[in-house]
Amino acid sequence: MELGLTFPLQRFLKMKTPGYGIQPDRRFCWDLHCIDLQGRKCLLAVHCHTRYTFVYYDVAPFQWADLPGLFRQGLAESLSAAGFDPVQTEGYLRRADAIALTRTHGRREVAFLNRAWEDVLALDLCLDTASQTQPLLDHAVNTRPSRCAGFEGLGTGLERMHNTLHTGGY
Numbered sequence: 132m133e134l135g136l137t138f139p140l141q142r143f144l145k146m147k148t149p150g151y152g153i154q155p156d157r158r159f160c161w162d163l164h165c166i167d168l169q170g171r172k173c174l175l176a177v178h179c180h181t182r183y184t185f186v187y188y189d190v191a192p193f194q195w196a197d198l199p200g201l202f203r204q205g206l207a208e209s210l211s212a213a214g215f216d217p218v219q220t221e222g223y224l225r226r227a228d229a230i231a232l233t234r235t236h237g238r239r240e241v242a243f244l245n246r247a248w249e250d251v252l253a254l255d256l257c258l259d260t261a262s263q264t265q266p267l268l269d270h271a272v273n274t275r276p277s278r279c280a281g282f283e284g285l286g287t288g289l290e291r292m293h294n295t296l297h298t299g300g301y
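Heads up: the sequence shown begins at 132 in the numbering used here, then just goes up one per residue.
Now the structure itself:
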């Protein structure tokens, strides 16, 4: 699995620019960004194929140090809160194999990440400042009609991720 890091996230983590990704299947690609919500640093993760999005709120410095672990935890918690079977989530993560940090996965994918970020900002009333996981905010963003790189036309990130995981479309 590849995690594409935006330039602002790379600067925030004080890391050198990673190499380009080599994964041809966008179902195993996510783009990650660092955003501020109510003055707290948060992880925004957007699936390149479906535009399924999750936010991890108020990330501590030690959590940023293990970005792959932070991502795995955030994804598992988000999918669980959205009603996905943990066995399917684990199957997806197992099939995705090792996590590689890369550059973002293209202009189109980053454009969809920016749209997801706009949705998060527009729906920040759903933010629960008492929890790092944001099931209500994630649900609000993922049930909004949107476009994405992996599917034609309008749909929701939740439906598309459901399709991808439930049909074994990975």
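The C-beta atom is built at its ideal place from N, Cα and C for all residues, glycine as well.
Sequence-distant partners of G152 (beyond 5 residues in either direction) whose C-beta falls short of 8 Å from its own C-beta, in its chain, are E133, G135, C160, A231, T233, R234, H236. Using a Cβ distance threshold of 7 Å, L268 and C279 do not count as a contacting pair. When DSSP states are grouped into helix, strand and coil, E208 belongs to the helix group. In this structure, the alpha-carbon of D189 lies about 34 Å from that of G284. Boundaries of the alpha helix (DSSP H) around E240: 238-253. In the three-state scheme derived from DSSP, where H, G and I count as helix and E and B as strand, E283 is classed as coil.
Bounds of the alpha helix (DSSP H) holding D269 are 266-273. Per the Cβ contact rule, the segment 239-259 is in contact with the segment 163-182 (3 or more Cβ pairs under 8 Å).
Rounded to whole angstroms, the separation of the alpha carbons of S262 and Q154 is 33 Å. In this structure, DSSP gives V190 a state outside helix and strand, which the three-state scheme calls coil. Taking all protein chains shown into account, V272 has 16 or more neighbouring C-beta atoms within 10 Å of its C-beta and is therefore buried. For L144, the secondary structure class from DSSP, reduced to helix, strand or coil, is coil. Residue pairing for V177: DSSP places it in a beta bridge opposite D162, T184. Within its own chain, the residues whose Cβ lies closer than 8 Å to the Cβ of H297, once the five positions on either side in sequence are excluded, are Q219, listed in chain order.
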